[in-house]
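2 protein chains.
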Amino acid sequence: MHERYFEDWNVDDRVETGSIELTRDAALDFARGYDPQPFHLDDAAAERSFFGKLAASGWQTASLAMRLIVESGAFPRGGVIGLGIEQLRWLKPVYPGDTLRVSLRIASLRAMQNRESGIVRFENTTYNQHDDAVMTHVAIAMIPRRTTSTA
Amino acid sequence: MHERYFEDWNVDDRVETGSIELTRDAALDFARGYDPQPFHLDDAAAERSFFGKLAASGWQTASLAMRLIVESGAFPRGGVIGLGIEQLRWLKPVYPGDTLRVSLRIASLRAMQNRESGIVRFENTTYNQHDDAVMTHVAIAMIPRRTTSTA
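Set out below in structure tokens:
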């Protein structure tokens, strides 16, 4: 997708990202480094848990959603500065071998006076390969303007 | 810290986690896998950016906060099921070499009828080695009860 700067976006614009598989190796690596709970690390413990089998960390799902959004190419290649997250919900477990994609919608746009950026809020839904929504969240980010020639 | 089940917590209880360094290698690995923006990957690009030097992904800060909370041992070792996140704010950049710790406060507790868990909301502040707050967020999680002998 063509990269779009702040002034190129409108409320209700949508972006569909590509997809990526969350592999077993990546799930275990992430769990060791960032979320070392038994149901993310150990098959036997996971079987006895709420999840029923080894499940990926919700933080990995959120981080992979970030990657999919970056790799969509919809935002300026120079980068987008994240300010915050609202209303993140992990709706369903993500299991190793699942393939994720993100659908995003621009919820609001706010220009910043005398700044080279604007603030965008966008609603994200992350789906698995069965088209089940596994996570929703609202991201708040600063997106650069195309024209950075402000005084 | 001794592990505490749902019924062991009270509103306003606090936990101070240990600390961990976010190394340059870990920052680059995370950026490659989850947030491949130039200011997380490339020193020269980062120098020209908002951050002024290579900065860690905000999602890595959030994920390391999760690790610190798990490793605090304050919650049941069997694991805590994350339901969602509210009001996450990245307040200051985190740079490779920074050392992070988390201070958390129980904001609310809600028993679930006929369930083996309760729902806890806790407010987290992540600090760097200068005691600057770099991130705040509210986590919502299901925490098991000590007695799982419900009908």
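In the order they appear, the protein sequences are chains A and X.
Heads up: the first sequence at position 106 corresponds to 467 in our numbering, and the numbers run straight through without jumps.
Heads up: the second sequence at position 5 corresponds to 366 in our numbering, and the numbers run straight through without jumps.
We put the CB at the ideal spot given by N, CA and C, even for glycine.
Using CA atoms only, rank isn't needed, just tell me which of the options is closest to residue i.
i	options	result
Gly-419/A	Glu-432/A, His-498/A, Pro-505/A, Ala-472/A	His-498/A
Ala-476/X	Thr-460/X, Gln-448/X, Pro-505/X, Thr-487/X	In the sequence under discussion, the amino acid at residue 476/X is Arg, which differs from the Ala named in the question. Answer by Cα proximity: Pro-505/X.
Met-503/A	His-491/A, Ile-446/A, Thr-460/A	Ile-446/A
His-491/A	Asn-485/A, Val-455/A, Glu-484/A, Gln-474/A	Val-455/A
Ile-442/A	Leu-429/X, Arg-482/X, Ser-410/X	Ser-410/X
Ser-424/A	Gly-434/A, Lys-414/A, Leu-449/A	Leu-449/A
Glu-369/A	Asn-485/A, Gln-398/A, Ser-478/A	First, the amino acid is wrong: residue 369/A is Asp here, not Glu. Ranking Asn-485/A, Gln-398/A, Ser-478/A by Cα distance to Asp-369/A puts Ser-478/A first.
Phe-483/X	Leu-389/X, Leu-415/X, Met-427/X	Met-427/X
Gly-439/X	Asp-403/A, Leu-429/A, Ile-430/A	Asp-403/A
Thr-487/A	Tyr-366/A, Arg-365/A, Thr-378/A, Phe-367/A	Thr-378/A
Ala-472/X	Asn-485/X, Gly-394/X, Arg-507/X	Arg-507/X
Glu-364/X	Leu-429/X, Ala-435/X, Gln-474/X	Ala-435/X
Asn-489/X	Pro-437/X, Leu-429/X, Glu-408/X	Leu-429/X
Pro-437/X	Asp-493/A, Val-431/A, Gly-394/A, Gln-398/A	Gln-398/A
Starting from the C-beta of residue i, find all residues in its chain whose C-beta is less than 7 Å away, skip the five residues before and the five after it, and write them out in chain order.
i	result
Asp-396/A	Ser-418, Trp-420
Ala-405/X	none
Asp-373/A	Arg-466, Ile-467
Phe-412/A	Phe-400, Pro-454
Leu-389/A	Leu-402
Ala-416/A	Phe-400, His-401, Ala-407, Pro-454, Val-455, Tyr-456
Asp-493/A	Lys-453
Gly-394/A	none
Ordered along the chain, which non-local residues of its own chain (more than five positions away) have a Cβ less than 8 Å from that of residue i?
i	result
Asn-371/X	Ile-467, Leu-470
Arg-375/A	Ser-464, Leu-465, Arg-466, Ile-467
Leu-569/A	Since the first residue shown for chain A is 362 and the last is 512, residue 569/A is missing from the structure and cannot be characterised.
Trp-451/A	Gly-419, Thr-422, Val-495, Met-496
Phe-367/X	Leu-470, Ala-472, Ser-478, Gly-479, Val-481, Ile-504, Pro-505, Arg-506, Arg-507
For residue i, I'd like the list of residues in its chain whose CB is within less than 6 Å of its CB, leaving aside the five on either flank, ordered along the chain.
i	result
His-401/A	Ala-392, Ser-418
Arg-385/X	Pro-457
Ser-380/X	Thr-460, Arg-462
Glu-382/A	Thr-460
Just to make sure I have the definition right: I need the residues of chain A whose C-beta is within less than 7 Å of the C-beta of residue i. Which are they?
i	result
Ser-464/X	By Cβ distance, chain A contributes nothing, its closest Cβ being about 19 Å from Ser-464/X, past 7 Å.
So with CB distances below 9 Å, who are the chain A contacts of residue i?
i	result
Phe-367/X	The premise fails here: Phe-367/X is roughly 14 Å from chain A at the closest Cβ pair, so nothing lies under 9 Å.
Ser-410/X	Gly-439, Gly-440, Ile-442
Along chain X, which residues have their Cβ under 9 Å away from the Cβ of residue i?
i	result
Ser-424/A	Phe-391, Gly-394, Tyr-395, Asp-396, Ser-418, Trp-420, Gln-421, Ala-423, Ser-424
Phe-483/A	Within chain X, no residue comes near Phe-483/A; the closest Cβ sits about 15 Å away, beyond 9 Å.
Arg-506/A	Result: empty, since nearest Cβ-Cβ is about 13 Å, beyond 9 Å.
Should residue i be flagged as near chain D, meaning a C-beta pair shorter than 9 Å?
i	result
Met-473/X	Within the model displayed, chain D is absent; protein chains A and X are what it includes.
Could you work out which residues of chain X lie near residue i, taking near to mean beta carbons separated by less than 8 Å?
i	result
Val-431/A	Asp-396, Pro-397, Gln-398
Listing by chain order, which chain A residues have their CB less than 8 Å from the CB of residue i?
i	result
Arg-428/X	Gly-394, Tyr-395, Asp-396, Pro-397
- Quick one: which residues of the stretch 436-454 of chain A get their C-beta closer than 8 Å to a C-beta of chain X? List them in chain order. Arg-438, Gly-439, Gly-440, Val-441, Ile-442, Gly-443, Leu-444, Gly-445, Ile-446, Glu-447, Gln-448, Leu-449, Arg-450, Trp-451
- Item | Those runs of the beta strand (DSSP E) which lie wholly inside the stretch 457-497 of chain X and span at least 3 residues | 460-472, 478-488
- Hey, which unbroken runs of the beta strand (DSSP E) at 3 residues or more fall wholly within the stretch 395-451 of chain A? 442-451
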